[in-house]
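A.B. asks:
Residue numbers (my numbering): 64 to 270.
1) If residue 202 sits next to residue 80, beta carbons under 8 Å apart, how far is it from one beta carbon to the other, in whole angstroms?
2) Could you check whether residue 167 and residue 195 sit closer than 8 Å to each other, using their CB atoms as the reference points?
3) Measuring straight from C-alpha to C-alpha, what distance separates residue 82 and residue 130?
4) With H, G and I counted as helix, E and B as strand and the rest as coil, what does DSSP make of residue 103?
5) Please classify residue 184 as buried or exposed, where buried requires at least 16 other C-beta atoms within 10 Å of its C-beta.
6) Please work out which residues of its chain come closer than 7 Å, Cβ to Cβ, to residue 227, disregarding the five sequence neighbours upstream and downstream, and give them in chain order.
7) Thinking C-beta only, is residue 87 closer than 8 Å to residue 115?
8) Check this for me: beta carbons of residue 84 and residue 117, under 8 Å apart or not?
9) Bridge partners for residue 69 per DSSP, in chain order?
10) Residue 128 by DSSP, collapsed to three states: which one?
11) Assuming the contact rule is C-beta atoms closer than 8 Å, residue 179 and residue 212 should be a hit. Round their C-beta distance to whole Å, please.
12) Per DSSP, which one or two residues make a beta bridge with residue 208?
13) Considering only residues of the same chain and omitting the five flanking positions on each side of residue 251, which have a CB-CB separation below 7 Å?
14) From the DSSP secondary-structure annotation, give me the bridge partner or partners of residue 190.
15) For the ligand ZN, I want to know if residue 200 counts as a neighbour, meaning its beta carbon is within less than 7 Å of at least one of the ligand's heavy atoms.
16) Given a cut-off of 8 Å, decide if residue 151 and residue 89 are closer than it, judged by their beta-carbon atoms.
17) Looking at the unbroken beta strand (DSSP E) that takes in residue 153, where does it start and where does it end?
18) Which residues share a DSSP beta bridge with residue 87?
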């Protein structure tokens, strides 16, 4: 499978991470080759990725945020839960995991993934169904943070049970009046945070 990624940050970070196969790079004929775009062109050249100049309108079908650059690449390389735990162990850190339960909006997913990468989350768990996945729109809204994260598609109930067996404390974030205040909870151990979907919150099966 292959897809078109778009936007300067998304393409730049995808090429920096080198977790995908790169098939070709398309640039709008009118774009300035300075800044990130210059870095992208240099990386593409060093990796022998074909570069095509096209009318800007040819990129408009990809999304309004293409910024004159698009990269055809293989589909997103999802990881396994064991990969996430192994990454924390290699770094000598306590596992820090984000669990996203049926988020629907790609923009929301991208924003949370960008934040997760910035704060040092070791991995993000998504359910197999009924959720936004890592699409080009999500890569764009995350500014390419997806490419530096281990993202796993799992059965959330089973994954949460596995995390508990690994002595990882699973905490659900809720806005209910009877929820325990976050500043009263110890957050200094192995930790997995669960965020529910827009409007519906966490499903019963992951509580």
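Don't be surprised by glycine CBs; every beta carbon is placed ideally from N, CA and C.
Fair warning: this is a prediction, and the values are worked out from it, not measured in the lab.
C.D. replies: With the given structure in hand:
1) To locate residue 202, count along the chain shown from 1; it is residue 139. To locate residue 80, count along the chain shown from 1; it is residue 17. Not confirmed; about 11 Å, so no contact.
2) For the purposes of this step, residue 195 is taken as the residue at position 132 of the chain shown. For the purposes of this step, residue 167 is taken as the residue at position 104 of the chain shown. In contact: residue 195 and residue 167 (Cβ atoms closer than 8 Å).
3) To locate residue 82, count along the chain shown from 1; it is residue 19. To locate residue 130, count along the chain shown from 1; it is residue 67. A direct Cα-Cα distance of roughly 23 Å separates residue 82 from residue 130.
4) Within the chain shown, residue 103 is the residue found at index 40, counting from 1. In the structure shown, residue 103 sits in a helix (DSSP, three-state: H, G or I).
5) Numbered from its first residue, the chain shown carries residue 184 at position 121. Buried, since its Cβ has 16 or more Cβ neighbours within 10 Å.
6) The residue given as residue 227 occupies position 164 in the chain shown. 233, listed in sequence order.
7) Within the chain shown, residue 115 is the residue found at index 52, counting from 1. Within the chain shown, residue 87 is the residue found at index 24, counting from 1. The Cβ atoms of residue 115 and residue 87 sit closer than 8 Å to each other.
8) Here residue 84 refers to the residue found at position 21 of the chain shown. Here residue 117 refers to the residue found at position 54 of the chain shown. No.
9) Residue 69 sits at position 6 when you count from the first residue of the chain shown. Answer by DSSP bridge pairing, in chain order: 133.
10) Residue 128 sits at position 65 when you count from the first residue of the chain shown. If DSSP states are grouped into helix, strand and coil, residue 128 belongs with coil.
11) Locating residue 179 in the chain shown gives position 116, counting from the first residue. Locating residue 212 in the chain shown gives position 149, counting from the first residue. The pair is a contact, with the Cβ atoms about 6 Å apart (cut-off 8 Å).
12) As a first step, residue 208 must be located in the chain shown, where it is residue number 145. According to DSSP, residue 208 bridges with nothing at all.
13) As a first step, residue 251 is located in the chain shown; it is residue number 188 there, counting from the start. Nothing meets the Cβ criterion.
14) Here residue 190 is taken as the residue at index 127 of the chain shown, counted from 1. DSSP lists 217 as partners of residue 190.
15) Looking for the ligand ZN in the displayed structure turns up nothing, as the structure carries no ligands at all.
16) In the chain shown, the residue the question calls residue 89 occupies position 26. In the chain shown, the residue the question calls residue 151 occupies position 88. No, the pair does not count as a contact, with Cβ atoms beyond the cut-off.
17) Locating residue 153 in the chain shown gives position 90, where the first residue counts as 1. Taken as a continuous stretch (DSSP letters only), residue 153 belongs to no beta strand (DSSP E), being part of the alpha helix (DSSP H) at 144-154.
18) In the chain shown, the residue the question calls residue 87 occupies position 24. 135.
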